[in-house]
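Contents: one structure, followed by commentary.
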Amino acid sequence: MAETPAEATRVELLRRMERIRRFETRVGELFADNELPGFVHLYLGTEGVAAGTCEPLSEDDYITSTHRGHGHCIAKGLEFKPMVAELYGKETGYCGGKGGSMHIADVTQGMLGANGITASSTPIGGGAALASQIRGNDNVAVSYLGDGATAQGPYHEALHLAATWELPQIYVIENNHYGEMTNTEVQHPVTDLVKQADAYDLPGVIVNGQDVEEVREATVEAIERARNGGGPTVIEAKTYRYEGHYEGDPQWYKDDEDLPAWRTADPVENYRDELLDDGVLTEDEYGEITDEIDANLEEAVAFGRDSPYPDPEAAYEGVYAEEI
Ligand SMILES: Cc1ncc(C[n+]2csc(CCOP(=O)(O)OP(=O)(O)O)c2C)c(N)n1
Ligand SMILES: [Mg+2]
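Whatever position you read off the sequence shown (first residue = 1), add 28 for our numbering.
Set out below in structure tokens:
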């Protein structure tokens, strides 16, 4: 049975999940209204994973993310304004509007990038973990990947090196039950993807991704192991993608019974009810938290809309390494 975290930690876990839920819901609306270019892949339903894994990290720890990366950015502490501006492709975005939804990065906060290339978060995180090891500091790298991405070569190469060199890296598999339009069970010979960790003699843990405290507890243990030279851990969070693969996906492949069942396990609403029932929060305090988030979000939307597009010449910047 998980030890209950301190009250302030519990409120913080809820706050991060609410930030993700509200951001993603609003982004879905903006995309449907044709305001955002490109594709967006929403993180709705899986908020417990990002919040539970990022809350125990420090600003100096690293994360590497996926094409479904908004939740990771928010949970690591990135701000709404430059995130929304990036989604609009505006120059005030985190990457000057050149990255868009799938490539948000802010190295100052240890967010080394969302990434459109599935599984590529894992070798990039391995590089960050190797840097920590060489520098002899305490920083760990958390690398997120989807269930589908566990079938890819770069993940296994990253696992192999990280295990051999005992790098301070934590792999978080978000098993949201789909890789694009295909159910996980059809795509893989095993349903518990964490079993792959055995091949590299790494500890592997399965957690209920809808239970933010369970996710956090497994992450705290993995961080401790990594900081103490114990090497990597693989965490598989069982969770569920509420939306399609991308916004606009008609989702004809989804089993109609699954969504309602997973919605009753909603990580955000259930945790809010738990904190209210436990007397950790009052309805008024909860309202203050969500009002502040919503106000920040609307400011960010206005900021994104009103910001200028980047100068076309900016396409040449950041292509080659510049002398520091
Ligand atoms: C190397 C590579 N191959 C294929 C794709 C196309 N693609 C984008 S997302 C995706 C499926 C990802 O599934 P999963 O890893 O489960 O992540 P989820 O979308 O469920 O979060 C694929 C095949 C890609 N982006 N990169
Ligand atoms: Mg998936």
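We put the beta carbon where it would ideally sit given N, CA and C, even for glycine.
Report, in whole angstroms, the separation of the C-beta atoms of residue i and residue j, which I expect to be a contact under 8 Å.
i, j, result
"residue 94", "residue 143", "6 Å"
"residue 125", "residue 113", "7 Å"
"residue 139", "residue 104", "5 Å"
"residue 240", "residue 295", "6 Å"
"residue 102", "residue 152", "Rounded, the Cβ-Cβ distance is 20 Å, inconsistent with contact."
"residue 208", "residue 176", "7 Å"
"residue 237", "residue 74", "6 Å"
"residue 116", "residue 64", "6 Å"
Using a threshold of 8 Å, is the CB atom of residue i nearer than that to any non-hydrogen atom of ligand 1?
i, result
"residue 202", "yes"
"residue 144", "yes"
"residue 147", "yes"
"residue 180", "yes"
"residue 100", "no"
"residue 10", "An answer regarding residue 10 cannot be provided, because it is not within the stretch 29 to 352 covered by the chain."
"residue 95", "yes"
Relative to ligand 2, is the shortest distance from any of its heavy atoms to the C-beta of residue i smaller than 8 Å?
i, result
"residue 206", "yes"
"residue 175", "yes"
"residue 255", "no"
"residue 120", "no"
"residue 269", "yes"
"residue 212", "yes"
By the DSSP assignment, the beta strand (DSSP E) with residue i in it spans what residues?
i, result
"residue 171", "169-174"
"residue 199", "197-203"
Look up residue i in the DSSP assignment and say whether it is helix, strand or coil.
i, result
"residue 90", "strand"
"residue 165", "coil"
"residue 247", "helix"
"residue 150", "helix"
"residue 298", "helix"
"residue 207", "strand"
"residue 292", "coil"
"residue 75", "helix"
"residue 349", "coil"
"residue 224", "helix"
"residue 344", "helix"
"residue 255", "helix"
"residue 158", "helix"
Pull the bridge partners of residue i from the DSSP assignment, please.
i, result
"residue 234", "264"
"residue 134", "139"
Give the range of the alpha helix (DSSP H) segment to which residue i is assigned.
i, result
"residue 317", "311-334"
"residue 40", "35-60"
"residue 102", "98-104"
"residue 108", "108-116"
"residue 181", "181-193"
"residue 279", "No alpha helix (DSSP H) contains residue 279, which DSSP labels as neither H nor E."
"residue 214", "212-215"
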